[in-house]
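Below is one structure, written out as structure tokens; comments come after it.
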Amino acid sequence: MDDPKTDFEKNGFLVVKKLLSSDEANDLRNKIDNIVNDETKKHMTFYAFAIPDGIRKYKNFWYLIWHPNIIKLLHNVVSKNIKFAIHNDIHRNLTPQYKYDGDYFKLSGWHRDTRFRSNFLKIKDKEAFNETQEKFKCIRLGIYLNNFDDFKSYLYLIPKSHLTSHSLGNKFEIFFWYRVFAFFISIITKNKFARFFPFIRKKPNNMFSGYSKPYRVELNEGDVVLFDTRVIHAVSPSQGTKHSIFIDYGIENEHTYDHINYYLKERKDLGYSDLQNKQLDDQLEEHDLLININNLKNFNKSPMTGRHSINPEEHIKGFYLKNI
Ligand SMILES: [Fe+2]
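For the sequence shown, position 105 (counting from the first letter as 1) is numbered 231 according to my numbering, and the numbering increases by one without interruption.
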């Protein structure tokens with residue numbers, strides 16, 4: 127077992143037990159439940175919601191951004207220069223609903239929390255994220271507020287899926303894992319989700335090392351998971367009530383600006399509020415967590431260089447050019 131920082135850099139994530147106390151978790155559960163008023167609840171058959179930008183919207187959650195235990199963890203594991211990266215969510219019961227028997231090949235919904243959703247970080251020697259100028263240090267912190275027995279949903283993370291060196295590197299390797307192996311597994315398991323399982327090399331630059339098996343996490347109230355936003359993850363269906371909160375952080379560089387711009391400028395559907403909020407910004411500044419707004423506003427390119435479903439450089443041009 128390595129120290130937490132090495133562990134995080136090697137696998138792309140870190141699970142920390144009981145970072146928040148049970149009292150704090152209980153208080154946050156109540157705060158989340160109280161967001162939706164009683165009248166609205168009566169009309170909801172399954173009381174579930176996701177609130178994008180929830181932390182910034184509700185002042186009584188702001189303190190979490192600079193919670194001393196969280197900041198201490200981020201300073202130790204990521205960087206002392208970490209800033210609040212705006213993207214954040216509040217979730218209640220946001221888990222998929224289907225039958226699941228514990229076999230990770232039968233999980234659906236594997237994804238990355240960046241705008242880049244592909245299983246590959248490298249295709250034909252072209253890397254998805256260009257790190258020659260700046261290192262990718264954009265992370266997401268998941269705060270879990272219920273005991274596992276109350277919701278019985280596992281979080282699965284694929285170790286090393288944030289590293290280009292572990293991404294399948296050529297068409298023969300891709301053909302083998304997806305057309306042969308995954309196809310075979312989908313027949314055996316009689317499950318179509320197996321065909322979309324994300325295969326990541328176990329060892330760097332070694333196509334014969336086998337695949338990186340998902341790491342299964344059982345979360346309890348007050349536990350947190352810190353992960354590189356490029357890490358591929360999924361959750362199993364839940365059988366009870368689950369409250370969770372997600373907050374993104376990053377160091378001041380193009381990767382973080384790109385991440386923030388995606389949510390502010392491209393994902394209009396999520397309804398992110400204005401970039402600046404004087405009252406929150408003053409407090410972020412006080413805690414040395416405020417991103418440089420001018421640098422962010424002036425950022426109009428993307429360090430994403432690889433193949434995407436839509437070419438981002440072209441796709442985002444319209445969003446940025448009119449904002450310059
Ligand atoms: Fe996610």
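Beta carbons are placed, not taken as given, at the ideal position from N, Cα and C, and that holds for glycine.
In the displayed model, Ala174 falls within coil according to three-state DSSP, outside both helix and strand. Segment contact: the stretch 369–384 against the stretch 266–279, three or more CB-CB distances shorter than 8 Å; contact assigned.
Ile284 and Gly138 have their C-alpha atoms roughly 9 Å apart. Our two residues, His201 and Glu257, have alpha carbons roughly 21 Å apart in a direct line. Under the three-state reduction of DSSP, Glu253 is assigned to strand.
Restricting attention to Leu140, Phe187, Asp354, the CA atom closest to the CA of Asn160 is found in Phe187. At a threshold of 8 Å, His385 does not count as near ligand 1, since its beta carbon sits no closer than that to any of the ligand's heavy atoms. In terms of Cβ geometry, Tyr389 and His193 do not form a close pair [threshold 9 Å]. Between the alpha carbons of Lys225 and Ser364 lies a distance of about 10 Å. In this structure, His359 has its beta carbon less than 8 Å from a heavy atom of ligand 1. Burial check for Asn245: the Cβ neighbour count within 10 Å reaches 16 or more, so the residue is buried. In the structure shown, Tyr224 falls within a coil segment according to DSSP collapsed to helix, strand and coil.
Contact annotation: Ile417 and Ala211 have beta-carbon atoms nearer than 9 Å.
Where His369 is concerned, the enclosing beta strand (DSSP E) starts and stops at 369–376.
Setting aside the 5 residues that flank it on each side, Tyr383 is surrounded in the same chain by Leu422, Phe425, each with a C-beta closer than 6 Å to its C-beta; the list follows chain order. CA-to-CA, the gap between Phe277 and Leu190 works out to about 23 Å. Segment contact: the stretch 339–358 against the stretch 138–147, three or more CB-CB distances shorter than 8 Å; contact assigned. In the three-state reduction of the DSSP assignment, Asn214 falls in the strand class, which pools E and B. With a cutoff of 9 Å on beta-carbon distance, Arg238 and Val357 are scored as near each other. In this structure, His213 has its CB at a distance of at least 8 Å from all heavy atoms of ligand 1. Within the DSSP bridge table, the entry for Phe139 names Phe353 as partners.
Straight-line measurement puts the Cα of Phe134 at about 8 Å from the Cα of Phe353. Under the DSSP assignment, Arg155 falls outside any beta strand (DSSP E), being part of the alpha helix (DSSP H) whose first and last residues are 148–159. Secondary structure note for Arg182: its alpha helix (DSSP H) is the uninterrupted segment 180–183. His237 has its CB nearer than 8 Å to a heavy atom of ligand 1. Residue pairing from DSSP places Ala360 in a beta bridge opposite Tyr282. When DSSP states are grouped into helix, strand and coil, Val203 belongs to the helix group. Of the candidates Phe319, Asp349, Tyr398, Glu412, Tyr398 places its Cα closest to the Cα of Ile177. The beta carbon of Leu247 sits closer than 6 Å to the beta carbons of Ala254, Thr290, Ser293 from its chain, once the five residues preceding and following it are set aside; these are given in chain order.
The alpha-carbon of Gln259 is positioned some 44 Å away from that of Ile313. Excluding residues up to 5 positions away in sequence, Phe175 lie with their Cβ nearer than 7 Å to the Cβ of Val162 in the same chain.
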